[in-house]
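Here is the structure we will look at.
2 protein chains.
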Amino acid sequence: MTIVPDLLGYIAATLTTSSFLPQAIHTIKTRDTQSLSLGMYSLFTSGVLCWLIYGIVIDNQAIIIANAITFILAASILACKNL
Amino acid sequence: MTIVPDLLGYIAATLTTSSFLPQAIHTIKTRDTQSLSLGMYSLFTSGVLCWLIYGIVIDNQAIIIANAITFILAASILACKNL
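Which chain is which? The protein sequence lines are W and P, in order. So the first sequence is residues 1 to 83, counted in the numbering used here. So the second sequence is residues 101 to 183, counted in the numbering used here.
Take a look at the structure:
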């Protein structure tokens with residue numbers, strides 16, 4: 001009975017984490033950040049950093065891995081927006 | 101001992117959920133979606149929908165509320181990108 005929710009959770013985590021890869025590639029390639037919200041990427045990157053610390057505190061490897069990857073991608077997009 | 105991680109989790113969830121609000125406002129106002137990646141918003145919106153179903157299946161109200169809000173915001177941005 002726990003296989004279905006576990007599988008759903010892994011699919012969800014894979015989708016939301018990997019989604020920032022096409023945006024990071026698009027932004028790094030084009031350097032176009034006009035329609036990206038600075039507010040969004042500031043809040044989001046801070047939030048993902050909190051998730052990462054949360055994962056370390058509760059010692060949950062899935063949360064640590066997913067948020068470490070998302071943090072690198074979101075921080076790269078934020079850096080392009082600020083440069 | 102659980103207050104610190106719980107608080108961190110709530111801060112993290114609030115930041116990552118609310119971050120899509122400035123992007124949604126920015127996108128709806130300007131209708132400029134040039135630098136937004138269609139791949140990102142397609143994957144992300146699908147992922148958030150999976151998180152929402154996951155929350156319903158495991159009956160976790162925090163996951164349901166956070167992802168219902170994020171889904172509305174991400175889907176609005178995706179709709180602007182496609183229109």
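Using N, Cα and C, we set each Cβ at its ideal position, and we do this for glycine too.
Asked, Found
"With a threshold of 7 Å on Cβ separation, who are the neighbours of Thr70(W) within its own chain once the five nearest residues in sequence on each side are excluded?", "Thr17, Phe20, Val48"
"Are Leu78(W) and Thr45(W) close, meaning C-beta to C-beta below 8 Å?", "yes"
"So, are the CB atoms of Ala166(P) and Ala113(P) less than 8 Å apart?", "yes"
"Quick check: what's the CA-CA separation for Thr127(P) versus Ile28(W)?", "20 Å"
"Among residues of its own chain, excluding the 5 on either side of Ile63(W), which ones have a beta-carbon nearer than 7 Å to its beta-carbon?", "Trp51, Tyr54, Gly55"
"If you follow the alpha helix (DSSP H) that Leu43(W) is part of, which residue opens it and which one closes it?", "38-57"
"What do you reckon, are the CB atoms on Val157(P) and Pro5(W) nearer than 8 Å?", "yes"
"In chain P, what lies closer than 7 Å to Ala12(W) by C-beta?", "Gly147, Cys150, Trp151, Tyr154"
"Would you please verify whether the beta carbon of Leu115(P) is less than 8 Å from any beta carbon of chain W?", "yes"
"Between the C-alpha atoms of Ala24(W) and Leu73(W), what's the straight-line distance to the nearest angstrom?", "6 Å"
"Have a look at Asp159(P) and Thr2(W) and give me their C-alpha separation to the nearest angstrom.", "13 Å"
"Going by C-alpha to C-alpha distance, which of Ala168(P), Gln161(P), Leu136(P), Leu143(P) sits closest to Cys180(P)?", "Leu136(P)"
"Report the rounded CA-to-CA distance for Gly9(W) versus Leu107(P), giving the unit in angstroms.", "22 Å"
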